[in-house]
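S.K.: Chains as they are written, first to last, in the working numbering: chain A, 7 to 988; chain B, 2 to 221. Let me begin by handing over the structure; questions about it come next.
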């Protein structure tokens with residue numbers, strides 16, 4: 007037989023399906039239904055890892071997610087995954103698993119030198135040593151020596167799904183309590199989700215030889231599972247871990263796919279009620295040498311035996327402080343695996359247990375503990391001693407099952423801010439008060455024993471149904487027979503003082519000596535203690551180590567455990583892959599890409615697209631063989647000399663309508679809106695409460711009570727929401743309607759000295775003469791029977807018309823403009839050319855030229871802001887002393903000699919020529935470009951008392967380069983606005 | 002030739018583009034197991050705003066052949082249908098009336114100074130999602146209780162579909178989408194600039210929705 011530790015029969019594995027796999031390159035075999043851990047144990051692989059700090063040999067310790075030692079890595083290349091806990095990895099054909107620590111290999115590891123010199127490396131050694139020459143010089147070495155495997159370096163080729171779902175009741179855990187509760191609630195008609203971490207429902211029953219109603223418990227599990235599957239409002243999710251509970255009991259689930267197109271699915275559940283049926287985790291015992299491969303939780307030994315038909319060793323000894331481990335001794339012995347002895351910390355043991363051991367020929371030592379263990383790469387013998395240290399017996403064994411009691415799995419309860427209390431009788435933390443909408447049942451609520459668990463689950467589920475307004479129909483409660491031994495009274499088993507090392511936290515190699523050192527150094531608060539020793543901070547989050555740590559701290563400080571308390575359990579309960587969190591939100595779906603209505607036509611015109619505030623917008627339109635820089639220059643000059651067309655559809659368009667519309671806008675903008683004539687437009691700035699500019703735009707009065715507000719493109723949704731908030735919350739007395747119509751209207755800007763000529767060809771049904779439609783005027787017409795709005799505003803400094811038509815006809819309008827403009831020398835221009843055009847004119851771009859402290863006065867709008875008598879948002883703040891300081895940074899232009907390159911935006915300014923840093927900054931460049939019109943670099947800048955320094959020289963710190971620039975007024979081109987009004 | 006006819010002819014000649022077509026996606030229909038996706042074309046979508054008390058406004062519109070639901074998220078009427086988005090705010094949709102004709106029909110009720118009707122037909126994209134897996138497709142992408150809402154009959158909701166703001170219109174059970182009758186029929190209405198994103202997101206998510214539907218049914 008190639009699996010020497012596999013029993014000839016039994017177990018829930020499919021022996022007809024052998025699966026080949028490998029560990030560290032060694033070919034091995036398991037069966038379908040195995041986990042990697044069970045298959046390794048079946049093949050006699052005892053050492054699977056080296057410990058985190060001391061590089062000591064480590065084996066499989068548990069049978070679930072609490073595993074603190076059996077970390078391996080699986081897969082290759084992009085499928086490489088470190089830190090997999092062997093008990094959780096389903097065995098698949100061809101699985102390639104490897105140990106992830108040890109150099110040059112697992113069996114011979116030079117890192118063991120750390121173990122041999124362990125007194126040099128106490129807790130927190132890295133905080134006290136390696137200070138010379140500096141910590142970072144050592145950090146790489148320390149990280150290589152420790153760590154948990156390698157992170158994959160290639161992109162993850164798998165994909166992950168997300169699901170949102172609501173339900174009445176989310177049952178966390180598919181063991182006997184969870185199944186019973188789900189059945190009761192499901193029969194009552196509740197929408198139930200039952201999530202079970204294992205692939206197989208049944209929980210603890212899967213690892214026991216329990217009976218219900220005289221049949222194997224598995225038969226009851228199958229029946230309940232089948233009935234749950236038939237209930238239309240019940241969803242059962244196997245292989246699904248509840249990873250966290252958040253505000254409002256929003257709960258996250260991680261489902262692992264098997265044979266699915268996706269690898270993992272991340273569920274966000276919004277349940278009305280949550281029921282924790284999460285069971286309990288067996289705790290280990292702390293004694294000298296308690297970390298060797300072959301030392302396992304007694305419940306895990308039983309689980310591997312009963313579920314996978316695997317004997318975890320050839321000769322076993324059991325050490326315990328409660329009754330439950332006796333079942334392991336019984337099960338092992340009854341399957342023919344020699345059990346040399348049971349060592350019980352308690353002096354009194356129930357007669358029934360004692361007699362059964364005697365019948366099986368197992369020695370019992372009461373009032374006894376493990377004195378020490380021996381073995382190099384795995385356990386070879388143990389010594390049992392009395393509680394006062396007298397040697398009692400020595401046994402040769404390769405398996406030691408330990409049980410220090412059972413601790414309720416209440417991490418999820420803590421996520422929801424539930425309070426815990428320490429139950430002295432069972433040495434377990436239990437729920438003290440349930441958070442709203444959440445309850446626990448079964449072992450998670452401190453209820454031990456199958457009969458009691460089923461009864462409690464029924465009662466809890468009935469209560470929850472009542473809370474949901476449903477009438478529970480109680481399911482038949484099966485009667486256990488041959489049920490496993492319950493833990494019963496579990497006395498405290500604190501670590502004892504000894505010079506030999508005893509591990510509190512196997513995952514992070516934290517010993518009792520570390521705990522003593524922490525307390526000696528004053529870390530007596532449990533949170534400080536945790537951080538100093540790093541106990542409970544590994545991948546397993548201390549599921550088998552925390553209670554040991556609390557007991558150790560209690561013993562060292564002389565305080566009861568209930569006074570020590572617990573550390574804070576935070577989500578996730580188990581590690582969640584980043585892929586699962588991201589789901590589909592990668593690549594093209596990282597964020598929505600918004601397309602212009604004329605996207606296809608832009609593509610045909612050769613546009614280079616770039617993301618601007620989520621919109622895919624043409625950056626420029628390079629012709630074949632033309633560089634982007636050359637295209638920019640051509641586009642700018644086309645606008646200055648003839649005519650250009652720009653797709654400005656993302657421009658924010660908000661209609662404000664109603665008898666109080668003018669009043670509403672007056673309160674929002676620093677400019678006077680009441681006095682705006684119908685058919686005219688006004689540029690405006692919008693401030694926040696602090697008087698800081700948050701947006702700019704143009705307000706057009708279409709009718710006396712009807713305005714069109716153009717906001718910045720990126721601000722459209724934000725400003726519409728702000729308007730809505732003002733309307734609903736701040737000024738509900740105003741009779742006004744706010745409608746965001748940004749998407750409805752495509753907007754094309756026609757700019758240049760021949761703009762009017764082009765529009766006249768197009769004939770939008772509007773008198774375009776300067777007198778009829780002057781700069782800052784608006785008119786409504788029709789074009790080809792479509793409604794058209796013509797707004798004469800300019801962001802380029804040229805004669806400019808913005809034409810708005812329904813977005814469905816955007817391509818048609820653009821096509822028509824290009825066709826009609828061909829004789830006029832028209833060029834489509836992109837957003838980069840627009841930015842140069844506005845820079846040449848010195849127009850402000852909110853976001854580029856403003857910061858979180860820019861006020862209207864800083865950008866030359868102080869007089870208008872002060873002149874307005876009516877109140878508006880931010881007005882009060884404008885008159886604070888700090889905002890009237892003459893030394894505030896003000897918007898200016900900076901020009902440079904021809905032939906130089908433009909400075910990078912963000913370059914700092916120092917007043918005066920020939921200055922050198924370091925020096926306090928006097929300002930910075932906000933926008934810069936090479937001006938094709940002026941043929942020299944130009945920039946806008948915020949400069950301390952800038953307006954008073956026109957004509958002065960500043961030093962521009964452009965990276966390593968310091969060069970002079972001359973301060974000028976912001977408008978580099980056409981300061982008299984002659985082109986604008988043409 | 003009357004002005005209206007001239008206008009209609011001109012609009013017809015103007016070759017309006019659907020949001021998907023304008024985003025460069027030629028295929029506007031997808032059929033998969035338990036799921037059909039389709040871009041709706043030629044649907045008139047308008048927003049109606051009322052400043053006055055909703056019941057009084059509703060009465061005024063009833064006489065124009067439009068039933069306005071007063072309860073938020075409620076739906077009324079077939080064509081035109083009115084979906085209540087907020088107090089005093091409705092989305093009107095019609096597959097038979099263009100905006101001008103809808104406006105004309107409602108003109109008597111719109112004559113006051115308290116109501117505003119705005120055309121959004123060109124600003125919105127509209128997709129129809131039909132089939133047994135349709136609730137799961139939406140449930141996957143929306144955090145509202147899509148499956149739980151099925152029992153409530155036709156209604157409307159405003160939600161986020163992944164990262165896109167959408168108006169979700171659930172038709173009566175056994176709704177008709179084109180020639181076929183489906184278990185579930187939903188319409189999504191959203192900003193047209195997001196048409197490509199939403200379409201591709203729905204296609205990408207459809208297989209898993211089908212899988213969920215076959216595994217779990219509809220936990221309504």
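Glycine included, each C-beta is placed from N, C-alpha and C at the ideal position. Only a predicted model underlies this, so the values are computations on that prediction, with no experimental measurement involved.
Would you say residue 661 of chain A faces chain B, with C-beta separation under 8 Å as the test?
M.R.: Judged by the 8 Å Cβ criterion, residue 661 of chain A is in contact with chain B.
S.K.: Enumerated in chain order, which unbroken segments of the beta strand (DSSP E) with a length of 3 residues or greater are wholly contained in the stretch 617 to 648 of chain A?
M.R.: The qualifying runs are 621 to 626.
S.K.: Using a C-beta to C-beta distance shorter than 7 Å, which residues of chain B count as neighbours of residue 241 of chain A?
M.R.: Within chain B, the residues near residue 241 of chain A are 217, 220.
S.K.: Below 9 Å on C-beta distance, what does residue 197 of chain A contact in chain B?
M.R.: Ordered by position in chain B, the residues that pass the 9 Å Cβ test against residue 197 of chain A are 148, 149, 220, 221.
S.K.: Say whether chain A places a C-beta atom closer than 8 Å to the C-beta of residue 133 of chain B.
M.R.: Taking Cβ atoms only, chain A never reaches closer than 8 Å to residue 133 of chain B, which makes this a no.
S.K.: Cβ of residue 124 of chain B less than 8 Å from any chain A Cβ?
M.R.: Residue 124 of chain B counts as touching chain A.
S.K.: Report, in whole angstroms, the separation of the C-beta atoms of residue 333 of chain A and residue 490 of chain A, which I expect to be a contact under 8 Å.
M.R.: That pair is a contact at about 5 Å.
S.K.: Output needed for residue 816 of chain A: all residues of its chain with C-beta closer than 6 Å, excluding positions within five of it in sequence on either side, in chain order.
M.R.: So the qualifying residues of the chain are 603, 604, 752.
S.K.: If I'm right that residue 81 of chain B touches residue 95 of chain B with Cβ under 8 Å, what's the distance once you round it to whole angstroms?
M.R.: The pair is a contact, with the Cβ atoms about 4 Å apart (cut-off 8 Å).
S.K.: Rounded to whole angstroms, what's the CA-CA distance from residue 214 of chain B to residue 552 of chain A? Just pull it up for me.
M.R.: If you take the alpha carbons of residue 214 of chain B and residue 552 of chain A, they lie about 42 Å apart.
S.K.: At which residues does the alpha helix (DSSP H) containing residue 825 of chain A begin and terminate?
M.R.: From DSSP, the alpha helix (DSSP H) with residue 825 of chain A extends over 816 to 827.
S.K.: With three or more beta-carbon pairs closer than 8 Å as the criterion, would you say the stretch 692 to 712 of chain A touches the stretch 629 to 645 of chain A?
M.R.: Result no; under three Cβ-Cβ pairs closer than 8 Å.
S.K.: Could you work out which residue in A:82, A:413, A:214 is closest to residue 451 of chain A when comparing CA atoms only?
M.R.: Of the candidates A:82, A:413, A:214, the one whose C-alpha sits nearest the C-alpha of residue 451 of chain A is A:413.
S.K.: Quick one: which residues of the stretch 36 to 62 of chain B get their C-beta closer than 7 Å to a C-beta of chain A? List them in chain order.
M.R.: Answer in chain order: 48, 50, 52.
S.K.: For residue 544 of chain A, count the other beta carbons within 10 Å of its own beta carbon; 16 or more makes it buried, fewer makes it exposed. Which is it?
M.R.: Flag for residue 544 of chain A reads buried.
S.K.: Tell whether a beta-carbon distance below 8 Å holds between residue 64 of chain A and residue 404 of chain A.
M.R.: No, the Cβ-Cβ distance between residue 64 of chain A and residue 404 of chain A is not below 8 Å.
S.K.: Can you give the Cα-Cα distance for residue 192 of chain A and residue 267 of chain A, rounded to whole angstroms?
M.R.: For residue 192 of chain A and residue 267 of chain A, the distance between alpha carbons rounds to 30 Å.
S.K.: Pull up the DSSP beta-bridge partners for residue 200 of chain B, would you.
M.R.: Bridge partners of residue 200 of chain B: none, in fact.
S.K.: Quick check on residue 219 of chain B: buried or exposed, where buried means 16 or more other Cβ atoms within 10 Å of its Cβ?
M.R.: Per the 10 Å Cβ criterion, buried.
S.K.: Against residue 114 of chain B, what residues of chain A qualify as contacts under a CB-to-CB distance less than 7 Å, listed in chain order?
M.R.: Result: 665.
S.K.: Figure out for me which residue from A:818, A:793, A:943, A:750 has the closest Cα to the Cα of residue 195 of chain B.
M.R.: Residue 195 of chain B has its Cα closest to that of A:750, out of A:818, A:793, A:943, A:750.
S.K.: Quick check: what's the CA-CA separation for residue 595 of chain A versus residue 161 of chain A?
M.R.: C-alpha separation (whole angstroms): 16 Å.
S.K.: Considering only the beta carbon of each residue, do residue 560 of chain A and residue 503 of chain A sit closer than 8 Å?
M.R.: Contact flag unset, no.
S.K.: Under 8 Å, do residue 916 of chain A and residue 947 of chain A count as touching if we go by C-beta distance?
M.R.: Contact flag unset, no.
S.K.: Buried or exposed: residue 482 of chain A, going by 16 or more other Cβ atoms within 10 Å of its Cβ?
M.R.: Exposed, since its Cβ has fewer than 16 Cβ neighbours within 10 Å.
S.K.: Counting only beta-carbon atoms, is residue 1036 of chain A nearer than 8 Å to chain B?
M.R.: This structure gives no information on residue 1036 of chain A, because the portion of chain A shown stretches from 7 to 988.
S.K.: Using a C-beta cutoff of 8 Å, does residue 34 of chain B count as contacting chain A?
M.R.: It does not: the Cβ of residue 34 of chain B has no partner Cβ on chain A nearer than 8 Å.
S.K.: Three Cβ pairs or more, each shorter than 8 Å: is that satisfied between the stretch 904 to 914 of chain A and the stretch 862 to 873 of chain A?
M.R.: Contact fails: fewer than three Cβ-Cβ distances are below 8 Å.
S.K.: Whose C-beta lies closer than 6 Å to the C-beta of residue 839 of chain A among residues of the same chain, with five residues either side of it excluded?
M.R.: So the list reads 638, 641, 642, once near-sequence residues are dropped.
S.K.: Apply the 10 Å Cβ neighbour rule to residue 431 of chain A and answer buried if 16 or more other Cβ atoms are within range, or exposed otherwise.
M.R.: Burial call: exposed.
S.K.: What does residue 763 of chain A pair with, by DSSP beta-bridge criteria?
M.R.: Paired residues: none, contrary to the question.
S.K.: Below 8 Å on the Cβ atoms is my contact criterion, and I expect residue 47 of chain A with residue 316 of chain A to pass it. Report the Cβ-Cβ distance as a whole number of Å.
M.R.: Right, the Cβ-Cβ distance comes to about 5 Å (below 8 Å), so this counts as a contact.
S.K.: Are the C-beta atoms of residue 208 of chain B and some chain A residue less than 8 Å apart?
M.R.: Taking Cβ atoms only, chain A reaches closer than 8 Å to residue 208 of chain B, which makes this a yes.
S.K.: Of all the alpha helix (DSSP H) runs that stay within the bounds of the stretch 539 to 571 of chain A, which reach a length of 4 or more residues?
M.R.: Counting only runs of 4 or more, we get 552 to 563, 567 to 570.
S.K.: Beta-carbon separation of residue 247 of chain A and residue 234 of chain A under 8 Å?
M.R.: Against a cut-off of 8 Å, the Cβ pair of residue 234 of chain A and residue 247 of chain A comes out as no contact.
S.K.: Please name the residue in A:847, A:668, A:805, A:523 whose C-alpha comes closest to that of residue 986 of chain A.
M.R.: Checking every option, the nearest Cα to that of residue 986 of chain A belongs to A:805.
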